[in-house]
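Structure record follows, encoded as structure tokens.
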Amino acid sequence: MQDFIQHIINGISLGSIYALIALGYTMVYGILKMINFAHSDVYMVGAFAAYYFARWMGIENNPGISSLITLLLVSMVCCSLLGLVIERLAYRPLRNAPKLNILITAIGVSLFLEYSGQVVFGADPKVFPSVINDFVLFNIGNVELKSFDVTVLVVSIIAMVALQFLIFKTKIGRAMRAVSSNASVASLMGVNPDRIIAFTFVVGSALAGVGSVLVGMKYPKIDPLMGMMIGMKAFVAAVLGGIGNLGGAVLGALIMGLSEEMVVAYLSSTYRDALAFGILIVILIFKPAGLLGKYSVEKV
Amino acid sequence: MKRLLLTLALVLPLVAGCTKKENEIVIGEYDSLTGSDATFGLSSNKGVRLALDEVNAAGGIKGKKISLVTLDDQGKNEEAAAAVTRLINQNKVVAIIGGVASGRSKAAGPIAQNAKVPFLSPASTNPDVTKIGDYVFRICFIDPFQGFVMAKFASENLKLKKVAILRDVKNDYSVGLADVFAEEFKKRGGEITNDLSYQAGDIDFKAQLTQIRSKNPEGIYVPGYYTEVGLISQQARQLGIKVPLMGGDGWDSDKLSEIGKEAVNGNYYSNHYTTESTDPSVTEFIKKFKAKYNETPDALAALGYDAGKILAAAIERAPDLSGKSIRDELAKTKDFAGVTGKITLNENRDAVKSAVIIQVDGNNRKYITTITP
Chain A
1 MQDFIQHIIN GISLGSIYAL IALGYTMVYG ILKMINFAHS DVYMVGAFAA
51 YYFARWMGIE NNPGISSLIT LLLVSMVCCS LLGLVIERLA YRPLRNAPKL
101 NILITAIGVS LFLEYSGQVV FGADPKVFPS VINDFVLFNI GNVELKSFDV
151 TVLVVSIIAM VALQFLIFKT KIGRAMRAVS SNASVASLMG VNPDRIIAFT
201 FVVGSALAGV GSVLVGMKYP KIDPLMGMMI GMKAFVAAVL GGIGNLGGAV
251 LGALIMGLSE EMVVAYLSST YRDALAFGIL IVILIFKPAG LLGKYSVEKV
Chain B
1001 MKRLLLTLAL VLPLVAGCTK KENEIVIGEY DSLTGSDATF GLSSNKGVRL
1051 ALDEVNAAGG IKGKKISLVT LDDQGKNEEA AAAVTRLINQ NKVVAIIGGV
1101 ASGRSKAAGP IAQNAKVPFL SPASTNPDVT KIGDYVFRIC FIDPFQGFVM
1151 AKFASENLKL KKVAILRDVK NDYSVGLADV FAEEFKKRGG EITNDLSYQA
1201 GDIDFKAQLT QIRSKNPEGI YVPGYYTEVG LISQQARQLG IKVPLMGGDG
1251 WDSDKLSEIG KEAVNGNYYS NHYTTESTDP SVTEFIKKFK AKYNETPDAL
1301 AALGYDAGKI LAAAIERAPD LSGKSIRDEL AKTKDFAGVT GKITLNENRD
1351 AVKSAVIIQV DGNNRKYITT ITP
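Below is the structure:
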């Protein structure tokens, strides 16, 4: 029983990391109806930005909340800028091109970042500095709840609520919804779709930046291909929850994290990645719109 | 310019072949002097050169000096095969000291085998390498041997009764070590509480470790590479698992402590050799190596050194310089006191030798003991 509870805690903690990245996928999809496959590589660049900044500033020697916030800001800014550049150079010129072209471009950008990352940062793994101390919040018997697991979960829930607020309660959110529903009509109403789309990339990439710092502290090994698998899993989580739906992304990510943990615990780690894609296939067959998504015909 | 280089490349080896003198014994060597694992090849090459220089300084073999021809395989299998072909056909070498990587030995070994030129690898640990044929030898232990060594150490020295295994299923090396460890540990009356797996590249191991924790083993055998082992150690300590972790030479990197921090301290792994050994032959080797190259020799340098010495000894004993005679003498190598332990080649042309157990202590590697087969 203790083990089971521990597995649940581990699973939620893993799922909340997927959630932070899944939110980025789902946001861009919600507005642009495109999968930004480069999102997970923006996350990788964020981790390296924070790593080099921490080394440069000597942050690893004085851990604490202020160092954490500094690193989060650095990573968010770098990721947002990168997101903006990608949107401006790779996606905007293709705004009116067929969906397939944009999809292929996204994959191209992703591979470009991964492999230029290997050239720039080196292919060997780097070690992320421990910015704040991980401590046990409470333990019952063998079951431990770590401050870190709670932090990641809380951050992803805050992010989700803040996004929900942004989209449904603010003017820019209304503009986002308008662009999402019909960009050309929205532009007739005085909304500048290019600016709204750029803003979406900024917010989504900033979330990836938050995720990268949190993951870097929890699993201190970072390398240029670190985004590959986690990006695929987060993408599956977003589809599982209903892509375009913020709550769905978090729900899907938690389900992914928990089921992965349970599969490894009670079956074998060999099935870990197979499960993620198995879930994707099953969902696409039986509920193509995802758990919380609304069904609509989509031409890709 | 290109044409000039090409002509030179074609002509030079011929010229080099012509300059072969009668009072010289030519030994060939290929190694990764450039490329992604150049550090391994360079170390091994330095060891070989040191050994052969010593032989020459002591008067050479049968009154003849040894000359070493080293070719670069750039870390590529096809280059290794080309290098060996060139060593045999153009340089007319009497024997070849192979490279470090098992894959490249598998590519180059068959060529030496067909030409009946003795081929001695200093560091190819994959079991299949010597199965190429009766002219292929190695002086390092094979991968599964490390599983045996750690099982012996765990049951005899650490007196463990219950051990869990966490293996990298994607990696032949890890699977080989884990299988032999399990078999040997059970033979010694131990119990394997869990035999779980992960895959290289994973970052989260808590599910496996939580399962392991519930069985309360006294140690965990993780025969993987340092990147994952660092994370596994850390997550094990986070889950309150305090028992030692054990592994093989895949742990041997400074990155291990960088990733795992203090969580890896106190863990054990098996290796070929240690600079901390107090054996006079080892200390003297280190002294000579430092004097010549101004750096501390690593395990591959030590293996290269032993390879050079063993080959020279075999040529010395051989009645003539034919491939067959040298091969037969190499096969008779017995109780050779090398830097990396006492080396005996068995009927499979694999080295039967000792391994050392190292304990991690920050960036220090504490020598614990030597385990003989």
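Top to bottom, those sequences are chains A and B. Per the numbering used here, the first sequence starts with residue 1, numbered consecutively. Per the numbering used here, the second sequence starts with residue 1001, numbered consecutively. We treat Cβ as the ideally placed atom computed from N, Cα and C, and that holds for glycine.
Scanning chain B for C-beta atoms nearer than 8 Å to the C-beta of Pro-125(A) yields Thr-1227, Lys-1255, Ile-1259, reported in chain order. Ser-1233(B) is not a Cβ neighbour of Gly-1190(B), given a cutoff of 7 Å. Boundaries of the alpha helix (DSSP H) harbouring Arg-55(A): 39-57, taken from the DSSP string. Counting only runs that start and end inside the segment 1315-1363 of chain B, the beta strand (DSSP E) elements of at least 3 residues fall at 1336-1338, 1341-1345, 1355-1361. Within the same chain, Phe-48, Tyr-51, Lys-221, Ile-222, Asp-223 come within 8 Å of Lys-126(A) by CB-CB distance, once the 5 residues on both sides are set aside. Counting the other Cβ atoms within 10 Å of the Cβ of Lys-1106(B) gives 16 or more, which makes it buried.
Residue state for Val-109(A) is assigned as helix, using DSSP reduced to three classes.
Judged by beta-carbon spacing, Gly-1098(B) lies within the 7 Å limit of Ser-1121(B), meaning their Cβ atoms are closer than that value.
According to the DSSP assignment, Arg-1138(B) belongs to no alpha helix (DSSP H) but to the beta strand (DSSP E) extending over 1136-1138. With its beta carbon less than 7 Å from one in chain A, Ala-1207(B) belongs to the interface.
Looking from the CA of Asn-1216(B), the closest CA among Glu-1183(B), Ile-1165(B), Val-1264(B), Asn-1114(B) belongs to Ile-1165(B).
Per the coordinates, the alpha-carbon of Lys-99(A) lies some 29 Å from the alpha-carbon of Val-210(A). Straight-line spacing of the CA atoms in Gly-46(A) and Leu-163(A) works out to 20 Å. For Val-202(A), the closest Cβ of chain B is not nearer than 7 Å. In terms of beta-carbon proximity, Val-1175(B) stays away from the interface with chain A, with every pair separated by 7 Å or more. Listed in chain order, the non-local C-beta contacts of Gly-1147(B) below 6 Å within the same chain comprise Leu-1177, Val-1180, Phe-1181, local neighbours out to five positions each way being set aside.
In this structure, Gly-241(A) places its C-beta atom within 7 Å of the C-beta atom of Ala-249(A). Taking 7 Å as the upper bound on Cβ-Cβ separation, chain B lies near residues Glu-261, Val-264, Ala-265, Ser-268, Ser-269, Thr-270 of the segment 257-283 of chain A. Put simply, the backbone Cα of Asp-1254(B) is about 7 Å away from that of Asn-1363(B). Residue-level contact by beta carbon fails for Lys-99(A) and chain B, as no gap is shorter than 7 Å. The DSSP assignment places 1119-1121 as complete runs of the beta strand (DSSP E) inside the segment 1097-1130 of chain B, in order along the chain (cut-off: 3 residues).
Per DSSP, reduced to three states, the secondary structure at Ile-167(A) is helical. Asn-1267(B) counts as buried, since at least 16 other C-beta atoms from the protein chains shown sit within 10 angstroms of its C-beta.
Taken in chain order, the members of the segment 1179-1204 of chain B whose beta-carbon sits within less than 8 Å of a beta-carbon on chain A are Leu-1196, Ser-1197, Tyr-1198, Gln-1199, Gly-1201, Asp-1202, Ile-1203, Asp-1204. Here the C-alpha atom of Ala-159(A) lies approximately 8 Å from the C-alpha atom of Leu-20(A).
Exclusion of the five residues before and after Gly-1304(B) leaves Ser-1044, Gly-1047, Val-1048, Pro-1122 as the residues of its chain whose Cβ lies within less than 6 Å of its Cβ. For a Cβ distance threshold of 9 Å, residue set Gln-1238, Leu-1239, Gly-1240 of chain B lies close to Glu-144(A), ordered along the chain.
Comparing C-alpha distances from Val-1163(B) to each of Leu-1300(B), Lys-1186(B), Leu-1033(B), Asp-1335(B) shows the shortest one belongs to Lys-1186(B). For the pair Ser-80(A) and Ser-205(A), the CB atoms are nearer than the 7 Å cut-off. It is roughly 24 Å from the alpha-carbon of Pro-1127(B) to the alpha-carbon of Leu-1196(B). Excluding residues up to 5 positions away in sequence, Val-1175, Ser-1197, Gln-1199 lie with their Cβ nearer than 7 Å to the Cβ of Val-1169(B) in the same chain. The alpha-carbon separation between Val-152(A) and Val-1282(B) amounts to approximately 51 Å. In the three-state DSSP reduction, Arg-1049(B) falls in the helix class (H, G or I). Here Phe-138(A) has Leu-145 as same chain residues with Cβ atoms under 6 Å from its own Cβ, once five neighbours each way along the sequence are excluded. Those residues of the segment 14-42 of chain A placed with their C-beta closer than 8 Å to a C-beta in chain B are Leu-14, ordered along the chain. By the beta-carbon neighbour count (other beta carbons within 10 angstroms, threshold 16), Gly-108(A) is exposed.
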